[in-house]
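Anchor point for the sequence shown: position 78 equals 78 in this note's numbering, and the numbering is continuous, going up by one each time. No residue lacks a Cβ here, since even glycine has one placed at the ideal position from N, Cα and C. Read through the structure below, which is laid out as structure tokens, and then see the notes.
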Amino acid sequence: MTFSTNPITAGLPIPFLPKYRVDECLDQIRECFTAGWTGLGFKTLEFETAWKTSTWLPHAHFLCSSTAGLHLAFHIPKSELDWRDGDEIRWKSSGITRTW
């Protein structure tokens, strides 16, 4: 068991101590750099496949920005449900406004 060295909690057990697998992460990054690929690509496909397998979902599409996700969130119903430019969309506010 690992114990805290913080002056306030000294001697108390730490119930969860994350173990960072730095070498594994660096190996994955090195593989991308060696292949000459630093954008969405083969690692993204591997991750999407692993995500679908672990969640039992038929589809997974990881994006590089929230803007891309918002675009798809409106594009798909527009093409599938015949939404038109200028149609009004209403939804409940989440109550949290991000400012950064």
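Distances from the alpha-carbon of Trp91 to those of Ser66, Thr38, Phe74 put Phe74 closest. Separation of His59 and Phe47 (C-alpha to C-alpha, rounded to the nearest whole angstrom) is 12 Å. Look at Asp87 here: in three-state DSSP terms it is coil, with no helix or strand label. Just so you know, the alpha carbons of Leu57 and Leu45 end up roughly 15 Å apart. When DSSP states are grouped into helix, strand and coil, Gly41 belongs to the coil group. When only Cα atoms are considered, Gly36 and Lys43 end up about 12 Å apart.
Around Gly69, the same chain offers Leu63 as residues with beta carbons nearer than 6 Å, after the five sequence neighbours per side are excluded.
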